[in-house]
Every structure is written in C-alpha cells, then in structure tokens.
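Chains as they are written, first to last, in the working numbering: chain A, 23 to 354; chain B, 58 to 123.
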Amino acid sequence: MRGTGIYSDFDQETAWIRREIIRDIESLPSSLRSRAKSYTIGRRRILEQGGVHAGPDGSLGTPVIYAAFWFSDALGLKNGRLRQLAGYSLVCTWVAATLRDDHMDSGPAKDTWKAKLAKFWFERYHESLRELFPTEQGFQHVVSSAEAEWRKYRKWQSNPTGSENPHPFSEDFLKESSRYYVACSLPPLVGIAHAAGRNRDAPRIERFLRMFSMGLRIVDDLMDWEEDLTAFQMNRSSVLIYVKNKMQPTGALDRIDVLSCLQSDELLNDAYGAMIGYFRKAWRTAEAFGSPYLVSFMQDVMESQSKERESLLTHATLALSGLGQGLTKILD
Amino acid sequence: MGAQRFVDKIQKDPKFRADFVKDPIAALASEGITLSAKDQQELLKVIREFMKPYVGDHGGEVKMVP
Numbered sequence: 023m024r025g026t027g028i029y030s031d032f033d034q035e036t037a038w039i040r041r042e043i044i045r046d047i048e049s050l051p052s053s054l055r056s057r058a059k060s061y062t063i064g065r066r067r068i069l070e071q072g073g074v075h076a077g078p079d080g081s082l083g084t085p086v087i088y089a090a091f092w093f094s095d096a097l098g099l100k101n102g103r104l105r106q107l108a109g110y111s112l113v114c115t116w117v118a119a120t121l122r123d124d125h126m127d128s129g130p131a132k133d134t135w136k137a138k139l140a141k142f143w144f145e146r147y148h149e150s151l152r153e154l155f156p157t158e159q160g161f162q163h164v165v166s167s168a169e170a171e172w173r174k175y176r177k178w179q180s181n182p183t184g185s186e187n188p189h190p191f192s193e194d195f196l197k198e199s200s201r202y203y204v205a206c207s208l209p210p211l212v213g214i215a216h217a218a219g220r221n222r223d224a225p226r227i228e229r230f231l232r233m234f235s236m237g238l239r240i241v242d243d244l245m246d247w248e249e250d251l252t253a254f255q256m257n258r259s260s261v262l263i264y265v266k267n268k269m270q271p272t273g274a275l276d277r278i279d280v281l282s283c284l285q286s287d288e289l290l291n292d293a294y295g296a297m298i299g300y301f302r303k304a305w306r307t308a309e310a311f312g313s314p315y316l317v318s319f320m321q322d323v324m325e326s327q328s329k330e331r332e333s334l335l336t337h338a339t340l341a342l343s344g345l346g347q348g349l350t351k352i353l354d
Numbered sequence: 058m059g060a061q062r063f064v065d066k067i068q069k070d071p072k073f074r075a076d077f078v079k080d081p082i083a084a085l086a087s088e089g090i091t092l093s094a095k096d097q098q099e100l101l102k103v104i105r106e107f108m109k110p111y112v113g114d115h116g117g118e119v120k121m122v123p
C-alpha cells in the first residue's frame, strides 16, 4: 500500500473523477443539468463534498469505485490516466444504469430526461472504457459479454422464481439476482487487466466479482426488504423469498411476518452465514492477487457484517426475553 | 397450553409469533386463554414494547384491543 488507507491513498484519482463528472454536467443542456446533479449527488452520491463516496455506509460500495484503483494496483497498471479512466468508467456505468432502471420503473413515456441522461453517461462510459483496451477486438468482446449479462438479467427479472421454489441464498439464485452488479462492474475491471497486459487474469477478476456480488445482493435484500415488499418485488428478494418459504402465509406477506422472521436466529444465521460465505470466497480470490487493498477491504466487509449479525442476534434475544417476561406476568 | 409453553412457542416459532403480534387476543383465545380487560391492556403494552424497535412508537400494525 502507498500510505494511509485503502480509500485515502486514492484521493487524487477521486478528485480527478469528480472534476470530470462536473465537466460532464456542465456540458449538458441547461434543462438537464440540475437533474444530472441530483443523480450524481443525491441518488448515487458521486459528488459528495470531499470526493467520490465509497458507498452507502463507507464500507460497502455501490459502486465500489475504488475497486478500479485496487485492481489497477494489483495488476500493476502504472499508467495514471488509464487508472483514472477505469474509475471514471465505473462511475459512468453505475449512474447510467441507475437512470435507465429508474426510467423503466417510471414507464417509458414518463420522465424521458432519465433516458437522455442514461444515454449521455453510457456514451461517456463507452468512450472511457475503449481507451483501456489496446485492441478494438478486446473492447468489443467485453462490451458484448456485458450486454449478454444485461439480457440474461432482464429475462430473469421477468420471471425470477420460475415454476421452481428456489433456495434464496443458493448460488444458483443469487448468481441471477446479482447479475446486474457484474454487468455494470466487470467491463472496467477487465479493461484494467487488458491495459496492464494481464488478460489472463480476467476469469479471476470475474470470479471475485461474482462472489462479492452474491454477498452484496444479500446485504441489499436485508436493507431493502420493506421497499421490496411495497413494490411487489418480493420474488426478486432473497430475504422475502426465505420468509415466504418459512411462513407459508395464506395471503400476501406483510411487515409483521417479515419482522417476526428477522427476530429469529435461523434467518439471521442463514442469511449472514451465506453472505459472509460468499464474501469469504471473494476474499480468497482477492488474496491470490496479492493486493493488500483488496484483502483489507474484504476483511473490513466480513468483519462489519459479522458484527452486524451478532448485534441483531443480541437485540432479538433481548427483545424476545422481554416479551417472555411480560407475558409470563400476565398469563401466570 | 400453559403460560410457559405459550411463551416458548412465541419465542421459537416466527409464524406463531407473527399471528400473535397481529391479533394477540384471538391467538390467546384459540389456546383457550381469556384475559380480563385490564390484562388485555397490559398485554397490548407488552407487545408494543416488544415491537417498538421495529415499528416505532405508534405500534405499527399491532391490532388494538377492541
């Protein structure tokens, strides 16, 4: 490692990305500028004061922009401009994908500005990504593979559980539900391998990303279950599928059903056990790269999620014990 | 079902716990337990306290004692 930390070592690079994003916004028609700002500051938190934000809680990132710098370091990419471009393309693809998804959610006829902005940032993404590849053939191959991932993800979204009753924390299910992250993040990371002349490492990068993404999918499903329940997206959420399988409700699941399950050791152990298991596999893959940044990041992630599990288990035990005491007083 | 067995079941079985939280009086009645009006109010307080960290002070969907 260069110096002080896995994030602060890259303050210069993130400052450059921030300047580029501001320049992008200023180049837009005035009618789109404030909306573009709201997406990069509010929705994706790219332009927060002080630089590029690492992610929702500072330890897990969507996007994990820093992955571009950590993989550049791991793969020995010395060219500073290409390192910055890799990070910038990662930002652009996440902003563009978010806009595109939000536009699809709001209906194609509404909020067409989202589609315009998505197109704008997809173009920036492709331009910056192209520079990472020494050959056009390599670039085209990676882009078409990512598009195939998107198509698979959209197909899965239309019928996530199919006729089967999937195990929600299985690799089979989570591989599908986390394909979104892979489609967004893999091309810039593979671009780094190409730029560094380390094409042979692309499969290992993909393995790291798939394992990390499956763990991250469970984290997101635990964070977003209320939103997913209201949005009727329960058949995409590993947590809600788990609760449904467990509770076998006669009607639709409600908040109390989910909360009751979230107080059980079984769900907490199954969800966090699977999640940490996927993160551990990602960590082992990261170790093989010999990157102190990636290893340190994965250790932080596993540690923070293990602490979260312990905290939730303790709270659930205390709450249930309090309930038991209260009921005993009334019923005895 | 004795009180302790009832409490154990609430602690161990999420489905039973959910049904109990949604309608405690009915859940108790189905087990042959009837409570006085005062105990019903007390029971509601206990459940509200239990759910507070999850649904806030308003009690969420916890059913009011009629």
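The C-beta atom is built at its ideal place from N, Cα and C for all residues, glycine as well.
Within 8 Å, strictly: CB atoms of residue i and residue j
i, j, result
"PHE214(A)", "ALA108(A)", "The identity of residue 214(A) in the sequence shown is Ile, whereas the question assumes Phe. Cβ distance < 8 Å, so ILE214(A) and ALA108(A) count as in contact."
"PRO182(A)", "ARG122(A)", "no"
"LYS79(B)", "PHE73(B)", "no"
"ARG232(A)", "LYS197(A)", "yes"
"GLU421(A)", "ARG277(A)", "Any property of residue 421(A) remains undetermined from this structure, which presents chain A solely from 23 to 354."
"PRO188(A)", "TYR264(A)", "no"
"PHE144(A)", "ALA118(A)", "yes"
"PHE195(A)", "THR307(A)", "no"
"GLN97(B)", "ILE82(B)", "yes"
"ASP243(A)", "VAL261(A)", "yes"
"TRP135(A)", "LEU54(A)", "yes"
"LEU334(A)", "LEU281(A)", "no"
"LEU208(A)", "GLU193(A)", "no"
"ASN61(A)", "LEU139(A)", "One detail in the question is off: residue 61(A) reads as Tyr in this sequence, not Asn. Yes, they are a contact pair."
"THR336(A)", "VAL64(B)", "no"
"GLY273(A)", "VAL103(B)", "no"
"LEU345(A)", "PHE107(B)", "yes"
"LEU92(B)", "LEU101(B)", "no"
"ARG105(A)", "GLU35(A)", "yes"
"MET324(A)", "VAL241(A)", "no"
"PHE142(A)", "LEU251(A)", "no"
"CYS283(A)", "PRO71(B)", "yes"
"SER129(A)", "HIS216(A)", "Here residue 129(A) is Gly; the residue named in the question, Ser, does not match the sequence. Not in contact: GLY129(A) and HIS216(A) (Cβ atoms no closer than 8 Å)."
Distance between beta carbons of residue j and residue i, contact taken as under 8 Å
i, j, result
"VAL164(A)", "VAL204(A)", "The pair is not a contact, with the Cβ atoms about 12 Å apart (cut-off 8 Å)."
"SER111(A)", "PRO210(A)", "5 Å"
"ARG331(A)", "TYR294(A)", "4 Å"
"PHE319(A)", "TRP92(A)", "7 Å"
"LEU338(A)", "GLN285(A)", "For the record, residue 338(A) in the displayed sequence is Ala; it is not Leu. With 8 Å as the limit, ALA338(A) and GLN285(A) qualify as a contact, their Cβ atoms being about 4 Å apart."
"TRP305(A)", "GLN321(A)", "7 Å"
"LEU97(A)", "ARG201(A)", "Actually they do not touch by this definition, with Cβ atoms about 24 Å apart."
"TYR88(A)", "THR115(A)", "Actually they are not in contact, since the Cβ atoms of TYR88(A) and THR115(A) sit about 15 Å apart, beyond 8 Å."
"ALA224(A)", "LEU99(A)", "ALA224(A) to LEU99(A), Cβ: 14 Å. No contact."
"LEU316(A)", "ILE90(B)", "With a Cβ gap of about 57 Å, LEU316(A) and ILE90(B) do not count as contacting."
"ILE47(A)", "ALA58(A)", "5 Å"
"VAL113(A)", "ILE63(A)", "VAL113(A) to ILE63(A), Cβ: 13 Å. No contact."
Amino acids of chain A, ordered along the chain, whose beta-carbon sits closer than 7 Å to that of residue i
i, result
"GLN68(B)", "LEU342 and GLY346"
"LEU100(B)", "ILE352"
Interface residues of chain A facing residue i [CB-CB closer than 9 Å]
i, result
"LEU92(B)", "ILE352 and LEU353"
Any non-hydrogen atom of the ligand HEM closer than 7 Å to residue i Cβ
i, result
"ASN267(A)", "The ligand HEM is not part of this structure, which contains no ligands at all."
Per-residue contacts from residue i into chain B (C-beta, under 7 Å)
i, result
"ILE278(A)", "ALA75, VAL78, LYS79 and GLU118"
"CYS114(A)", "Correct list: empty, because the minimum Cβ distance to chain B is about 39 Å."
"SER282(A)", "PRO71, ARG74, ALA75 and VAL78"
Under 8 Å from the C-beta of residue i: neighbouring residues of chain B
i, result
"MET269(A)", "PRO71, LYS72 and ALA75"
"LEU349(A)", "ALA60, PHE63, VAL64, ILE67, LEU100 and VAL103"
Minimum Cβ-Cβ distance from residue i to chain C less than 8 Å
i, result
"SER286(A)", "You won't find chain C in this structure, because its protein chains are A and B."
**Asked** Whole alpha helix (DSSP H) runs in the stretch 157 to 228 of chain A with 4 or more residues, listed along the chain?
**Response** 158 to 180, 193 to 199 and 201 to 217
**Item:** 4-residue-minimum alpha helix (DSSP H) runs that sit fully inside the stretch 250 to 302 of chain A, ordered along the chain
**Value:** Within the stretch 250 to 302 of chain A, the complete alpha helix (DSSP H) runs of at least 4 residues are 260 to 269 and 277 to 284.
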